[in-house]
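**Student:** A single structure is presented below for examination.
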Amino acid sequence: MSANVASNFVNGNVSFWVHQEGRPSQRPALPGPIEADVAIVGAGMTGLWTAYYLKKARPDLNVVVLEKEFAGFGASGRNGGWLSAKAPGQFRRYAKAGGVPAAVALEREMFSSVREAVDVAQAEGFGEHVVRDGLIHVATSEAQHSRLRSEIGKLPSHGWVEGEDFQYLTPADLDERVHVANAVGAYWSPHCARINPAEFTFGLARAVERLGVTIYEDTTVTSIEPRVAHTDRGDVRAQHIVQALEGYTLTLAGQRRRFLPMNSSMVVTEQLTDEQFASVGWNGAELMGDVAHNFAYIQRTADNRIALGGRGVPYNFGSSFNRDGRTADVAVEQLGARIVELFPGLRDVKLAHSWSGVLGVPRDWCAGVNYDPATGLADAGGYVGHGVTGTNLAGRTLRDLILGESTEITRLPWVGRAARNWEFEPLRWIAATALYAAYRFADQEEYRTGQDKTHISARVANLISGR
Ligand SMILES: Cc1cc2nc3c(=O)[nH]c(=O)nc-3n(C[C@H](O)[C@H](O)[C@H](O)COP(=O)(O)OP(=O)(O)OC[C@H]3O[C@@H](n4cnc5c(N)ncnc54)[C@H](O)[C@@H]3O)c2cc1C
């Protein structure tokens, strides 16, 4: 590998966050067949928030969580730590499904969900390092700047108030917050908090247990049907069964083509020296992303490293992925190079760790929350790359749906949404690979030509993918 990596560089091992936090001791597996009121499948943020809110509302309910590996093993313990208000799907699709006011309500509900998640983390003792300094989107080419301007132009019609929910930053304004090379313009929104994903998910799991929920680890659910989850250790019979598997949904019988498991990969540097830190000039805890088609998401960690993620190798034939998050050399190199492009003062910094995780991508790229009172089956997911805050809202929504309450959040347009299945292989692989090649080419051409228009190959790719 030609990337500049540290001598003790780690590739995989779930994630830097889990590695740094240290895995909590393994919880017991399901002892055999049991009965419960609610069985939740998957101990990521979706499953844990659902358990948390259900048990808070109805302490008498017997709620159990069934987890194949350990709580926080999936995307929830691997992500970029953007607790952001970005809705997990496209405004126009939600507006088409439920009308513009409902789509606006979803956007506004995402703002409150950021506050709600931070408040719970602080009240439950896992919010010590959570900082709500907002989110910066930065354009580093003229074409990105045009897209950024166009996005800002649409925000008021999506319910965002200029000055309150977002504000444009000139390169000079941006420079006061962080020094990004070749920045052409940016915007900042206050609706985002920085989290350490493993610290957050492990803390949430402990909070859920304190409420009296049992989390069974090392317990694989093989299929789900009304009132029963079949596992490798016996059946769990329950009135309500919540499926919260996101990128792992394909492991359940009959659900292989429901979500495409897309890889997202990250690298993190060693701790910055004072000189390197000064060259970056990032004193706040804002999260940051660029506006490239293969976009990069970045955080300055609480211990002064730069963690940057992106698509890397987005999809493997047959929906396969590496369990431990081992990342292809080419992706490590690309992500490391992007750090230096954005922050040239870090040209000598070494990478400490790389890892990958899987996102759940529905065919229409929009998340959904579903509950069928007739069968007691519920699920939430398909957040693509924006689920950290969405899982909180999904958890509260599933609570209301399961308890039979009609509330403002059960009327949001992502409730009762199902997309059609993905195509069979090899079509799925050809489409995903071709799309991301087109996006990569468009990014390169936009940098090379300096033109202010989105490159044609990305426009065609958007049309085909429906993104
Ligand atoms: C690298 C990366 C970076 C990301 N960055 C961000 C970000 O900065 N901001 C943001 O908003 N979103 C981000 N996301 C997306 C976000 O992390 C997810 O949307 C969110 O964590 C989904 O949570 P979940 O609980 O639905 O799924 P997961 O966290 O994936 O949980 C699913 C759980 O199910 C378990 N499981 C799997 N199969 C079975 C089975 N058969 N039986 C029982 N249990 C099973 C898994 O072990 C796992 O613990 C990122 C994702 C990745 C991978």
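Per full-length UniProt numbering, the sequence shown starts with residue 1, numbered consecutively.
A virtual CB, placed ideally from N, CA and C, is assigned to each residue, including glycine.
(1) Is the region 275 to 287 close to the region 184 to 199, with three or more CB pairs under 8 Å?
(2) Could you check whether Val369 and Thr397 sit closer than 7 Å to each other, using their CB atoms as the reference points?
(3) Regarding Ala244 and ligand 1, is the C-beta to nearest heavy atom distance less than 6 Å?
(4) Can you find a CB in chain C that lies within less than 7 Å of the CB of Pro88?
(5) Verify the contact flag: Phe277, CB atom, against every heavy atom of ligand 1, threshold strictly below 6 Å.
(6) Taking 6 Å as the cut-off, is the CB of Trp82 close to at least one heavy atom of ligand 1?
(7) Considering only residues of the region 290 to 365, which uninterrupted alpha helix (DSSP H) runs meet the minimum length of 4 residues and lie entirely inside it, listed in chain order?
(8) Let me make sure I understand the geometry here. Which of Ala437, Arg323, Leu155, Asn11 has the alpha-carbon closest to that of Glu107?
(9) My output table needs one value for Tyr447: the three-state DSSP class, helix, strand or coil.
(10) Roughly how far, in whole angstroms, is the beta-carbon of Leu359 from the beta-carbon of Gly247, given that I think they are within contact range, below 8 Å?
(11) Could you round the C-beta distance between Glu446 and Ala143 to whole angstroms and report it? I think they count as a contact, below 8 Å.
(12) May I ask you to report which of helix, strand or coil DSSP gives Val130?
(13) Inspect the beta-carbon positions of Gly81 and Val18 and report whether they are closer than 7 Å.
(14) Which of helix, strand or coil does DSSP assign to Trp82?
(15) Looking at the structure shown, is His179 part of a helix, part of a strand, or coil, going by DSSP?
(16) Between the alpha carbons of Ser112 and Phe16, how many angstroms are there, rounded?
(17) Can you name the start and end residues of the beta strand (DSSP E) that Ile241 belongs to?
(18) What does Trp160 pair with, by DSSP beta-bridge criteria?
(19) Please look up how many angstroms separate the CB atoms of Val41 and Ile241, rounded, as I've assumed it's under 8 Å.
(20) Classify Thr222 as helix, strand or coil using the three-state DSSP reduction.
(21) Taking 8 Å as the cut-off, does the region 208 to 224 touch the region 417 to 425 (at least 3 CB pairs, one atom from each stretch)?
(22) For Ser265, which residues does DSSP report across the bridge?
(23) Could you pull out every residue in the same chain whose Cβ sits closer than 7 Å to the Cβ of Leu54, ignoring the five residues on either side in sequence?
(24) Can you find a heavy atom of ligand 1 that lies under 6 Å from the Cβ of residue 470?
(25) Helix or strand or just coil, what does DSSP make of Ile195?
(26) DSSP state of Leu393, grouped into three classes?
(27) Between the alpha carbons of Arg323 and Val14, how many angstroms are there, rounded?
(28) Restricting to runs no shorter than 4 residues, where is the alpha helix (DSSP H) found entirely within the region 85 to 157?
(29) Rounded C-beta distance between Val384 and Pro88? I'm assuming under 8 Å.
(30) Taking 6 Å as the cut-off, is the C-beta of Glu107 nearer than that to any heavy atom in ligand 1?
(31) Can you name, in chain order, every residue of its own chain whose Cβ lies under 8 Å from the Cβ of Gly47, other than the five neighbours on each side?
(32) Any heavy atom of ligand 1 inside 6 Å of the beta-carbon of Asn370?
(33) Helix, strand or coil: which one does DSSP assign to Glu35?
(34) Give me, in chain order, the residues of the same chain whose beta-carbon lies closer than 8 Å to that of Gln255; leave out the 5 immediate sequence neighbours on both sides.
(35) Please determine, among Gly325, Tyr371, Phe202, Ile464, the residue with the shortest C-alpha to C-alpha distance to Gly12.
(36) Measure the alpha-carbon distance for Gly404 versus Lys96 and round it to whole angstroms.
**Tutor:** Looking at the atomic coordinates:
(1) Yes, the region 275 to 287 touches the region 184 to 199.
(2) The count along the sequence shown starts at 1 and reaches residue 397 at position 397. The count along the sequence shown starts at 1 and reaches residue 369 at position 369. The Cβ-Cβ distance between Thr397 and Val369 falls below 7 Å.
(3) Here the question's residue 244 lines up with position 244 in the sequence shown. The answer is yes for Ala244.
(4) Although the question refers to chain C, the structure presented lacks it and comprises just one protein chain.
(5) Along the sequence shown, one-based indexing puts residue 277 at 277. Not under cutoff, so the answer is no.
(6) As a working mapping, residue 82 is identified with position 82 in the sequence shown. True, at least one ligand heavy atom lies under 6 Å from that Cβ.
(7) 329 to 342, all fully within the region 290 to 365.
(8) To locate residue 107, count along the sequence shown from 1; it is residue 107. Between Glu107 and the set Ala437, Arg323, Leu155, Asn11, the nearest pair of CA atoms involves Leu155.
(9) Taking the sequence shown and counting its residues from 1, the one referred to as residue 447 is at position 447. Three-state DSSP puts Tyr447 in a helix.
(10) Position 359 of the sequence shown, counted from the first residue, corresponds to residue 359. Position 247 of the sequence shown, counted from the first residue, corresponds to residue 247. Your pair Leu359 and Gly247 checks out as a contact, with CB atoms roughly 5 Å apart and the cut at 8 Å.
(11) Here residue 446 is taken as the residue at index 446 of the sequence shown, counted from 1. Here residue 143 is taken as the residue at index 143 of the sequence shown, counted from 1. Contact flag correct, Cβ pair sits at about 4 Å.
(12) Within the sequence shown, the letter at position 130 stands for residue 130. Coil at Val130, not helix or strand.
(13) If you number the sequence shown from 1, residue 81 lands on position 81. If you number the sequence shown from 1, residue 18 lands on position 18. Not closer than 7 Å, so no.
(14) The residue you call residue 82 lines up with position 82 of the sequence shown. The answer is strand: DSSP assigns Trp82 an E or B state.
(15) Within the sequence shown, numbered from 1, the residue matching residue 179 stands at position 179. Assigned with DSSP and collapsed to three states, His179 falls in coil, not helix or strand.
(16) Residue mapping note: residue 112 aligns to position 112 of the sequence shown, counting from 1. Residue mapping note: residue 16 aligns to position 16 of the sequence shown, counting from 1. Distance between the alpha carbons of Ser112 and Phe16 is about 29 Å.
(17) By 1-based counting over the sequence shown, the position of residue 241 is 241. It spans 234 to 243 - the beta strand (DSSP E) in which Ile241 sits, taken as one unbroken run.
(18) Walking along the sequence shown from the start, residue 160 turns up at place 160. Its beta-bridge partners do not exist; DSSP assigns none.
(19) Your numbering for residue 41 matches position 41 in the sequence shown. Your numbering for residue 241 matches position 241 in the sequence shown. Going by Cβ atoms, the distance from Val41 to Ile241 rounds to 7 Å, so yes, they are a contact pair.
(20) Within the sequence shown, residue 222 is the residue found at index 222, counting from 1. Looking at Thr222 - three-state DSSP - the assignment turns out to be strand.
(21) The region 417 to 425 and the region 208 to 224 do not touch, with fewer than 3 CB-CB distances between them shorter than 8 Å.
(22) Here the question's residue 265 lines up with position 265 in the sequence shown. DSSP, once it has assigned bridges, lists Gly310, Ser356 as partnering Ser265.
(23) Locating residue 54 in the sequence shown gives position 54, counting from the first residue. Closer than 7 Å at Cβ, skipping near neighbours: Val38, Leu61, Val63, Arg399, Ile402.
(24) With the chain covering 1 to 467 only, the question about residue 470 has no answer from this structure.
(25) For the purposes of this step, residue 195 is taken as the residue at position 195 of the sequence shown. Of the three classes helix, strand and coil, the one that applies to Ile195 here is coil, per DSSP.
(26) The sequence position of residue 393 within the sequence shown is 393, counting from 1. If DSSP states are grouped into helix, strand and coil, Leu393 belongs with the helices.
(27) Here residue 323 refers to the residue found at position 323 when the sequence shown is read from its first residue. Here residue 14 refers to the residue found at position 14 when the sequence shown is read from its first residue. Distance between the alpha carbons of Arg323 and Val14 is about 8 Å.
(28) Uninterrupted alpha helix (DSSP H) stretches at least 4 residues long and entirely within the region 85 to 157 occur at 91 to 98, 100 to 123, 142 to 154, given in chain order.
(29) If you number the sequence shown from 1, residue 384 lands on position 384. If you number the sequence shown from 1, residue 88 lands on position 88. Correct: roughly 6 Å between the Cβ atoms.
(30) Taking the sequence shown and counting its residues from 1, the one referred to as residue 107 is at position 107. False, no ligand heavy atom lies under 6 Å from that Cβ.
(31) The sequence position of residue 47 within the sequence shown is 47, counting from 1. The answer, listed in chain order, is Ile40, Val41, Val65, Glu67, Val242, Ala244.
(32) Translated into the one-based positions of the sequence shown, residue 370 becomes position 370. With a cut-off of 6 Å, the C-beta of Asn370 is classified as distant from ligand 1, since no heavy atom of the ligand falls inside that distance.
(33) Working through the sequence shown from its first residue, we reach residue 35 at position 35. Glu35 sits in a strand when the DSSP states are folded into three classes.
(34) By 1-based counting over the sequence shown, the position of residue 255 is 255. Closer than 8 Å at the Cβ level, and outside the excluded window around Gln255, lie Thr249.
(35) Locating residue 12 in the sequence shown gives position 12, where the first residue counts as 1. The shortest C-alpha separation from Gly12 is found at Gly325.
(36) As a working mapping, residue 404 is identified with position 404 in the sequence shown. As a working mapping, residue 96 is identified with position 96 in the sequence shown. Separation of Gly404 and Lys96 (C-alpha to C-alpha, rounded to the nearest whole angstrom) is 26 Å.
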